[in-house]
Amino acid sequence: FDAGEYACDASYSSVAEAIANYLAAVGIRTKLRPMERAAFLGNWKDKKITGILQSGAGGLGNAATRVQNYFVKDGLYAWGGYPDIDDLFIQQARELDPKRRETLLHQIQRLAHERVMHAPLWELGFLNAVGPRVEESGLGLIALHPYSSPYEDLKLKK
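Under the working numbering, the letters of the sequence shown match residues 1096 to 1253, in that order.
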């Protein structure tokens, strides 16, 4: 079938091209539409992209900020939503007990996963190296974050 345009940030167009070829191999036709990053994010936020959209969330924040942007009905990058997820998000935002809040966020993530609100197309794999002058590279300081950060924690040997 024809899936329409496959929109992506131009910096990841080589990955998108490979994925488009994988889709074509199983009979799903797409037309790759790489966009400059600002245009891509603006079109995504303004809900102007139809068809397949390849995105990645590398911004700062925690689970609650990610949930708000992508899973809650009025989220900046959300395309609709579910009333029960919206209600759970409001509950966790008002919750003072950290354990209860964590439980609510896990429940939201489980529901989003079960409803396939987003489909994983590829897994980001990074090759990182650290030179002999580096005392603290920042790699691994933030779980599952592939970049060297937080910047203020990076240190060179004296």
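Here a beta-carbon is modelled for each residue, glycine too, at the ideal position from N, C-alpha and C.
- Within the region 1179 to 1233, the runs of alpha helix (DSSP H) that reach at least 4 residues and sit entirely inside it are, in chain order, 1193 to 1209.
- In the structure shown, the three-state DSSP call for Gly-1099 is strand.
- Per DSSP, Lys-1140 lies in no beta strand (DSSP E) segment; the continuous alpha helix (DSSP H) that holds it begins and ends at 1132 to 1140.
- Straight-line measurement puts the Cα of Asp-1181 at about 9 Å from the Cα of Asp-1169.
- About 7 Å separates the beta carbon of Leu-1127 from that of Ser-1108, a gap short enough to meet the 8 Å contact definition.
- Closest in C-alpha terms to Tyr-1101, from the list Ala-1158, Ala-1238, Gly-1146, comes Gly-1146.
- Considering only Tyr-1165, Ile-1123, Thr-1125, Lys-1252, the residue with the shortest C-alpha distance to Leu-1206 is Tyr-1165.
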